[in-house]
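Q:
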Amino acid sequence: MVFSSFTFLLLFLPLFLAVYALLPVRLRNGMLFLGSLIFYAWGEPVYVTLLLFSTLVDYTHGLLVDRYRGSWIGRAALFSSVIINLGLLGVFKYSGLLVQTWNNLVGSQISVPSLALPIGISFYTFQTMSYTLDVYGGKAPVQRNLISFGAYVSMFPQLIAGPIVRYVSVHRELDSRRTSATKSYQGFRRFLVGLGKKILLANSFGELWELYRGYGNVSSFGGWLGILAFGLQIYYDFSGYSDMAIGLGKILGFSFPENFSYPYISRSITEFWRRWHITLGTWFREYVYIPLGGNRRGQLCQLRNLLVVWALTGIWHGASWNFLLWGMYFAGFLILEKLFLGKWLERGPSLVAHGYTLGVVALGWVLFAFEDLSAGLSYLRGMLGLAGGLAAKDLAGAWLTGFDLYQLTSFGPLLLLGVIGCTPWPSHRLGAWFGRHPWVETLGLVTLGAACVAWLSGDSYNPFLYFRF
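In the working numbering, the protein residues as written are 129 to 597.
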């Protein structure tokens with residue numbers, strides 16, 4: 129079940145919120161746990177048992193780690209928790225890739241596993257693993273109530289696509305939280321804005337991207353237009369989903385961390401990744417980069433740590449070599465910025481820094497979008513005007529086509545709106561205006577919700593890019 133569906137919007141969410149509001153406070157974690165299991169089982173009736181298994185594993189390991197902290201039993205429990213969690217990811221997400229790669233390397237004929245990927249396994253596995261790590265490190269208290277811990281692990285607002293919520297940031301609210309009319313209104317407002325970003329913008333940009341993705345040898349202009357559409361799609365898709373999750377969390381009394389902060393206004397790749405998928409970056413910094421030594425052991429060690437983190441970041445996104453290359457691609461630029469490029473960007477013209485960042489990110493999206501590396505390379509050649517070779521007779525055909533002009537005319541206004549929406553300007557201006565005219569904001573939110581429902585009624589194209597992670 130996804131948030132941008134009639135099943136969720138018109139059936140699950142109203143029923144859940146009505147029952148949740150009527151229940152005594154002491155029973156709400158139980159309702160959240162049960163409702164989240166129903167939400168997950170709607171799309172994954174088999175793998176709900178895996179979610180329950182992961183919950184039980186880390187609940188019991190947390191108790192062991194807390195009781196025997198500092199002894200070999202506590203360390204063994206921590207090690208066991210990490211191995212089981214990573215083992216689940218390895219079996220369900222990476223076993224097929226590893227077996228296929230082994231077959232290709234040695235010429236063996238081992239049967240390639242074809243396990244369906246449990247929805248959201250990368251997100252909830254990282255959450256449960258961080259719980260035992262934080263309990264062991266004394267950063268968070270152990271949770272002795274199994275129902276409350278189950279509610280944390282399976283919490284449906286951020287179960288399948290984040291943001292990654294560490295237990296240390298919500299444990300107080302899990303045990304004692306307050307709801308109010310003001311928080312509920314703020315939550316619904318955030319949810320509707322995210323829903324609009326997903327349905328009205330991301331889906332439209334996705335339609336344009338699909339046209340170019342399957343077009344064959346794209347022109348240079350068309351290649352950049354297509355990857356612009358993909359960059360906007362993945363931003364509004366994922367940030368919109370994060371907005372919906374944060375909004376739902378607020379309605380339930382939780383304060384989830386922000387996951388995006390206008391990444392496309394960045395002036396360096398380092399800044400971009402501080403603004404994009406913030407909770408994933410925080411997770412890798414806290415549990416991989418810093419334990420490896422961070423930047424405390426000299427520059428060479430720091431560069432090694434960056435390579436490790438970005439190799440893992442790439443692999444986290446999917447069981448395909450293009451994701452590893454994508455991670456290494458960004459690791460290379462981050463290392464260059466650590467060595468010398470970052471200082472130059474800080475001192476140089478802002479326009480050049482922005483252009484560099486957007487260009488590097490756009491080329492990186494090609495690696496991310498094409499699991500078939502040969503198809504990605506072909507698309508990249510088109511972007512660089514090399515689809516027909518450097519000696520192409522019809523250079524106009526290599527750079528611009530009538531198809532490109534038609535798509536630009538059709539999608540141009542929406543693309544412009546999407547680009548403007550990637551900046552803080554609309555939020556600041558509209559926020560100030562709505563503050564003076566609250567009734568206009570309410571009317572706008574009602575109109576936005578109605579537009580989303582109307583769009584869903586007439587449009588069957590409703591993908592979610594991070595659903596597979």
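A virtual CB, placed ideally from N, CA and C, is assigned to each residue, including glycine.
What you are looking at is a predicted structure, and each value in this text was computed from that prediction instead of being measured.
1. Is the distance from the Cβ of W493 to the Cβ of S347 below 8 Å?
2. Specify the secondary structure class of N273 as computed by DSSP and reduced to three states.
3. Should the region 365-374 be regarded as contacting the region 308-321, the criterion being three or more beta carbon pairs within less than 8 Å?
4. How would you call R395, buried or exposed, if buried means at least 16 neighbouring beta carbons within 10 angstroms?
5. Tell me whether G470 is buried or exposed, calling it buried when 16 or more other Cβ atoms sit within 10 Å of its Cβ.
6. Please state if the CB of L192 and the CB of T253 are separated by a distance shorter than 8 Å.
7. Out of curiosity, what's the CA-to-CA distance linking R509 and R341?
8. Determine the direct distance from the alpha carbon of M257 to that of G190, and round the result to whole angstroms.
9. Could you give the C-beta distance for A438 and M456, rounded to a whole number, given that I count them as a contact under 8 Å?
10. Does DSSP put E414 in a helix, in a strand, or in coil?
11. How many angstroms separate the CA atom of N423 from the CA atom of L155?
12. Quick check on DSSP: helix, strand or coil for E386?
13. Check whether the Cβ atoms of V147 and M129 lie closer than 8 Å to each other.
14. Taking 8 Å as the threshold (C-beta atoms), are N433 and L501 in contact?
15. If you count every other CB in all the chains shown that lies within 10 Å of the CB of K521, and 16 or more means buried, which is it?
16. Compute the beta-carbon to beta-carbon distance between L233 and F539, rounded to the nearest angstrom, for a pair I have assumed lies under 8 Å.
17. With respect to the alpha helix (DSSP H) encompassing Y264, which residues constitute its N-terminal and C-terminal limits?
18. Use the C-beta contact count for V574: other C-beta atoms within 10 angstroms, 16 or more gives buried, fewer gives exposed.
19. Does the Cβ of L243 have 16 or more other Cβ atoms within 10 Å, making it buried, or fewer, making it exposed?
20. So, for S389: in the same chain, excluding its five sequence neighbours on each side, which residues have a beta-carbon less than 6 Å away from its beta-carbon?
21. Quick one: what does DSSP say C580 is sitting in, helix, strand or coil?
22. Spatial neighbours of L302 within its chain, please: CB distance less than 6 Å, with the 5 preceding and 5 following residues excluded, ordered by chain position.
23. Assuming I362 contacts C580 (C-beta within less than 8 Å), just tell me the rounded distance between them.
24. How would you call V293, buried or exposed, if buried means at least 16 neighbouring beta carbons within 10 angstroms?
25. V480 to W472, Cα distance in whole Å?
26. With 16 as the cutoff for other CB atoms within 10 Å, does E386 come out buried or exposed?
27. Considering only residues of the same chain and omitting the five flanking positions on each side of F384, which have a CB-CB separation below 7 Å?
28. On the CB-based measure, 16 or more other CB atoms within 10 Å of its CB, does F207 come out buried or exposed?
29. Can you tell me the Cα-Cα spacing of I418 and C429, whole angstroms?
30. Helix, strand or coil, according to DSSP, for D365 in the structure here?
31. Can you say whether W567 is buried or exposed, counting buried as having 16 or more other CB atoms within 10 angstroms of its CB?
32. Please report the Cβ distance between F251 and A289, rounded to the nearest whole angstrom; I am assuming they are in contact, meaning their Cβ atoms lie under 8 Å.
33. Starting from N345, follow the alpha helix (DSSP H) in both directions and report where the run begins and ends.
34. By the 10 Å Cβ neighbour count, where 16 or more other Cβ atoms means buried, how is S236 classified, buried or exposed?
35. Quick check on DSSP: helix, strand or coil for C429?
36. Would you kindly work out how many angstroms separate the C-alpha atoms of L261 and I406, rounded to a whole number?
A: Walking through what the data contain:
1. For the purposes of this step, residue 493 is taken as residue 365 along the sequence shown, with counting starting at 1. For the purposes of this step, residue 347 is taken as residue 219 along the sequence shown, with counting starting at 1. It is not a contact, given that the beta carbons lie outside the stated cut-off.
2. Here the question's residue 273 lines up with position 145 in the sequence shown. N273 falls in the coil class under three-state DSSP.
3. Touching, yes.
4. By 1-based counting over the sequence shown, the position of residue 395 is 267. Classified as buried, R395 has 16 or more neighbouring CB atoms from the shown chains inside 10 Å of its CB.
5. In the sequence shown, counting from the first residue as 1, residue 470 sits at position 342. Its Cβ being crowded by 16 or more others within 10 Å, G470 is buried.
6. As a working note, residue 253 is residue 125 in the sequence shown. As a working note, residue 192 is residue 64 in the sequence shown. If you check the CB distance, T253 and L192 do not come in under 8 Å.
7. Locating residue 509 in the sequence shown gives position 381, counting from the first residue. Locating residue 341 in the sequence shown gives position 213, counting from the first residue. Straight across, the Cα-Cα distance linking R509 with R341 is about 13 Å.
8. If you number the sequence shown from 1, residue 190 lands on position 62. If you number the sequence shown from 1, residue 257 lands on position 129. Taking the straight line joining both Cα atoms gives about 10 Å.
9. As a position in the sequence shown, residue 438 is number 310, starting the count at 1. As a position in the sequence shown, residue 456 is number 328, starting the count at 1. Note that residue 438 corresponds to Trp in the displayed sequence, not to Ala. About 7 Å; that satisfies the 8 Å criterion.
10. By 1-based counting over the sequence shown, the position of residue 414 is 286. Here E414 sits in helix by DSSP.
11. As a position in the sequence shown, residue 423 is number 295, starting the count at 1. As a position in the sequence shown, residue 155 is number 27, starting the count at 1. The C-alpha of N423 lies about 46 Å from the C-alpha of L155.
12. The residue labelled residue 386 in the question sits at position 258 within the sequence shown. DSSP, reduced to helix, strand and coil, places E386 outside both helices and strands of the structure shown, so it counts as coil.
13. Sequence index remark: in the sequence shown, residue 147 carries index 19 (1-based). Sequence index remark: in the sequence shown, residue 129 carries index 1 (1-based). Using a Cβ distance threshold of 8 Å, V147 and M129 do not count as a contacting pair.
14. Here residue 501 refers to the residue found at position 373 when the sequence shown is read from its first residue. Here residue 433 refers to the residue found at position 305 when the sequence shown is read from its first residue. Not in contact: L501 and N433 (Cβ atoms no closer than 8 Å).
15. On the sequence shown, residue 521 is found 393 positions in, with the first residue counted as 1. Reliability fails at K521, whose pLDDT of 38 lies under 50, so the model's placement of it is uncertain and no value is given.
16. On the sequence shown, position 105 is the one that residue 233 refers to. On the sequence shown, position 411 is the one that residue 539 refers to. No, L233 and F539 are not in contact; Cβ-Cβ is about 44 Å, not under 8 Å.
17. Position 136 of the sequence shown holds residue 264. Note, Y264: alpha helix (DSSP H), 249-264.
18. Position 446 of the sequence shown, counted from the first residue, corresponds to residue 574. The residue is exposed, with fewer than 16 neighbouring Cβ atoms inside 10 Å.
19. Taking the sequence shown and counting its residues from 1, the one referred to as residue 243 is at position 115. L243 comes out exposed.
20. For the purposes of this step, residue 389 is taken as the residue at position 261 of the sequence shown. For S389, where only same-chain residues beyond five positions count, the Cβ hits under 6 Å are R403.
21. The residue labelled residue 580 in the question sits at position 452 within the sequence shown. Judged by DSSP in its simplified three-state form, C580 adopts helix.
22. As a position in the sequence shown, residue 302 is number 174, starting the count at 1. Excluding positions up to five away in sequence, the list reads S276, Y280.
23. On the sequence shown, position 234 is the one that residue 362 refers to. On the sequence shown, position 452 is the one that residue 580 refers to. Taking 8 Å as the upper bound for CB-CB distance, I362 and C580 are not in contact here, some 19 Å apart.
24. Sequence index remark: in the sequence shown, residue 293 carries index 165 (1-based). So V293 counts as buried.
25. Position 352 of the sequence shown, counted from the start, is the residue given in the question as residue 480. Position 344 of the sequence shown, counted from the start, is the residue given in the question as residue 472. Between V480 and W472, the C-alpha separation is close to 11 Å.
26. For the purposes of this step, residue 386 is taken as residue 258 along the sequence shown, with counting starting at 1. By the 10 Å Cβ count, E386 comes out exposed.
27. If you number the sequence shown from 1, residue 384 lands on position 256. Within the same chain, F384 has close Cβ partners Q286, P291, V293, A373, I374, G377.
28. Along the sequence shown, one-based indexing puts residue 207 at 79. Counting Cβ neighbours within 10 Å, F207 comes out exposed, since fewer than 16 surround it.
29. Residue numbering aside, residue 418 sits at position 290 when the sequence shown is read from its first letter. Residue numbering aside, residue 429 sits at position 301 when the sequence shown is read from its first letter. Annotation: I418 to C429 spans about 11 Å, alpha carbon to alpha carbon.
30. Residue numbering aside, residue 365 sits at position 237 when the sequence shown is read from its first letter. Of the three classes helix, strand and coil, the one that applies to D365 here is helix, per DSSP.
31. Along the sequence shown, read from residue 1 onward, the residue named residue 567 stands at position 439. It counts as exposed.
32. Walking along the sequence shown from the start, residue 251 turns up at place 123. Walking along the sequence shown from the start, residue 289 turns up at place 161. Between A289 and F251 the Cβ distance is about 7 Å, and since that is below 8 Å, they are a contact.
33. To locate residue 345, count along the sequence shown from 1; it is residue 217. Run containing N345: none; DSSP gives neither H nor E here.
34. On the sequence shown, residue 236 is found 108 positions in, with the first residue counted as 1. Note on S236: under 16 other CB atoms within 10 angstroms of its CB, so exposed under the neighbour-count rule.
35. Taking the sequence shown and counting its residues from 1, one reaches residue 429 at position 301. In the displayed model, C429 falls within a helix according to three-state DSSP.
36. The sequence position of residue 261 within the sequence shown is 133, counting from 1. The sequence position of residue 406 within the sequence shown is 278, counting from 1. L261 and I406 have their C-alpha atoms spaced approximately 20 Å apart.
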